[in-house]
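Enquirer:
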């Protein structure tokens, strides 16, 4: 079985593992996380990323928060006269944007990890850099397109490789926005209650897309979607 989740935003790893147990997730299953593991809460998602890196059946797609972290990777360079001189307004703006989006707990955890085990910390940064922007797959005869934020600037004639990073990482689909007729697009990024309070804490399904961001970034809980039969699993309580 293949499961997807999104926008964990520092959600406690033990609680997330209990959600996997609820879905009977096992070593023979696969999990794809549609970005935004990091920032906002707890340890900023670093423990969860380290767990994901150790799992042969778990993969990460790039989220806008991971992209913001990578845009500020200069923070993890050795401080020298040259690196200080290179700290220009552009880099300050990138850092400011990340900080305004909840970077503090992630930065604190990364700072500690670089101090304790720089090899692991650098491996984590490489892991984020390797995360793809999208994935196209078929499960039990159903075709899916996985991205972090949907498909900005959509055209049925547009190749997935032609979408910009911003179109895949920062888009917020309108409720009546339609995508492919022969594949379902699954994404997070936009908490479902953005479309109305009646959708809070549950996935939102339209004829062509499914939003699985159930608000962990706002202090609520993530969910799991099993592809194929599209069964949904939620945190209780």
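In this note's numbering, the protein residues as written are 208 to 444.
The beta-carbon is built from N, C-alpha and C at its ideal position, and this holds for glycine as well.
These numbers come from a predicted model, not from an experiment.
#1: Enumerate in chain order the residues of its own chain whose CB-to-CB distance from residue 230 is below 6 Å, with the five nearest sequence positions on each side excluded.
#2: If you reduce the DSSP assignment to three classes, tell me which class residue 265 lands in.
#3: By DSSP, does residue 247 sit in helix, in strand, or in coil?
#4: In whole angstroms, give me the CA-to-CA distance for residue 272 and residue 224.
#5: Taking its Cβ as the centre, do 16 or more other Cβ atoms sit within 10 Å of residue 281, making it buried, or is it exposed?
#6: I believe residue 215 touches residue 423 by the beta-carbon criterion, under 8 Å. Please report the beta-carbon distance rounded to the nearest angstrom.
#7: Beta-carbon within less than 7 Å of residue 346's beta-carbon, same chain only, minus the 5 sequence neighbours each way: which residues are those?
#8: Considering just the uninterrupted stretch of the beta strand (DSSP E) at residue 210, what are its terminal residues?
#9: Would residue 355 and residue 394 be called neighbours here (beta carbons separated by less than 9 Å)?
#10: Check whether the stretch 298-317 touches the stretch 366-386, counting contact only when three or more Cβ pairs, one atom from each stretch, lie closer than 8 Å.
#11: Tell me which residues share the same chain as residue 318 and place their Cβ nearer than 6 Å to its Cβ, disregarding the 5 neighbours each side in the sequence.
#12: Cβ atoms of residue 331 and residue 269: under 9 Å apart, would you say?
#13: From this set, 283, 236, 302, 263, which residue's C-alpha is nearest residue 321's C-alpha?
Expert: This is what the structure gives:
#1: 431, 440
#2: strand
#3: coil
#4: 22 Å
#5: exposed
#6: 6 Å
#7: 209, 434, 435
#8: 209-212
#9: yes
#10: no
#11: none
#12: no
#13: 283
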